[in-house]
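Report on the structure given below.
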Amino acid sequence: MRIVALGALIIAGLVVAAVGLAADPGEALAQRLGSPNPARASGELIALSTMVGDKYQQVTVIDPKQQVMSVYHIELATGAVELRCVRNIHWDLQMTYFNGKGLSPLEIQSQTLQPR
């Protein structure tokens, strides 16, 4: 359990560091934390965490400015962090309808560029 906490702390530290680097140096931390939805308001990173069964913690990091998401798995027993997926979601967000699996971002891009 101690290792799990350490893994979560490391991920949280990386997110905080990235947010701190992206922030305006003249802006006070209290101002950033005090806004109702700082991630959407200023385009900072968004981090979401959930448990995957009883073996992994999944952390999803979304960069709204670059329209990229990444998914990490943290093994609860060891605290090992593994990058599972990185994806530019720009073309995903251009689709008006899709109900399926298995398309790569390039395949989705080609579908959105076709005349309808």
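With the numbering used here, letter number 3 in the sequence shown gets -13, and the count goes up by one each step, no holes. We put the CB at the ideal spot given by N, CA and C, even for glycine. Note that this is a predicted model, so its numbers are computed, not measured.
Item to complete: Assign Val55 to one of three DSSP states: helix, strand, or coil.
Response: In the sequence shown, the residue the question calls residue 55 occupies position 71. Looking at Val55 - three-state DSSP - the assignment turns out to be strand.
Practice prompt. Might you give, ordered along the chain, the residues of its own chain that have their beta carbon closer than 8 Å to the beta carbon of Lys39, omitting 5 neighbours on each side?
Written response: Residue mapping note: residue 39 aligns to position 55 of the sequence shown, counting from 1. The residues are Glu59, Leu60, Ala61.
Discussion item. With H, G and I counted as helix, E and B as strand and the rest as coil, what does DSSP make of Ser33?
Written reply: Taking the sequence shown and counting its residues from 1, the one referred to as residue 33 is at position 49. Correct three-state label for Ser33: strand.
Practice prompt. State the start and end residues of the unbroken beta strand (DSSP E) segment that holds Asn72.
Written response: Translated into the one-based positions of the sequence shown, residue 72 becomes position 88. Residues 65 to 72.
Item to complete: Compare the C-alpha of Ile73 against each of His57, Gln93, Gly63, Val65 and name the closest.
Response: Position 89 of the sequence shown holds residue 73. Residue Gln93 is the option with its Cα nearest to Ile73.
Worksheet item: Ordered along the chain, which non-local residues of its own chain (more than five positions away) have a Cβ less than 6 Å from that of Lys85?
Response: Position 101 of the sequence shown, counted from the first residue, corresponds to residue 85. Cβ within range, chain order: n/a, list empty.
Fill in: When Gln78, Leu29, Ser33, Arg71 are compared against Ser88, the one with the closest alpha-carbon
Here the question's residue 88 lines up with position 104 in the sequence shown. The candidate whose alpha carbon is nearest that of Ser88 is Arg71.
Worksheet item: Assuming Tyr56 contacts Val43 under a Cβ cut-off of 8 Å, what Cβ separation, rounded to an integer in Å, is found between them?
Response: In the sequence shown, counting from the first residue as 1, residue 56 sits at position 72. In the sequence shown, counting from the first residue as 1, residue 43 sits at position 59. The Cβ separation is near 5 Å, so the contact holds.
Worksheet entry | Through-space distance from Asp76 to Asn83, alpha-carbon basis | As a position in the sequence shown, residue 83 is number 99, starting the count at 1. As a position in the sequence shown, residue 76 is number 92, starting the count at 1. Going from the Cα of Asn83 to the Cα of Asp76 covers about 12 Å.
Discussion item. Quick check on the DSSP output: the beta strand (DSSP E) that includes Asp76 runs from which residue to which?
Written reply: Here residue 76 refers to the residue found at position 92 of the sequence shown. That residue, Asp76, is in no beta strand (DSSP E); it is neither H nor E in DSSP.
Worksheet item: Using DSSP with H/G/I as helix, E/B as strand and the rest coil, what is Gln95?
Response: Translated into positions along the sequence shown, residue 95 becomes position 111. Helix at Gln95.
Discussion item. Using DSSP's beta-bridge definition, name the partner residues of Thr44.
Written reply: Walking along the sequence shown from the start, residue 44 turns up at place 60. In the DSSP output, where bridge partners are listed per residue, Thr44 has Leu32, Val55.
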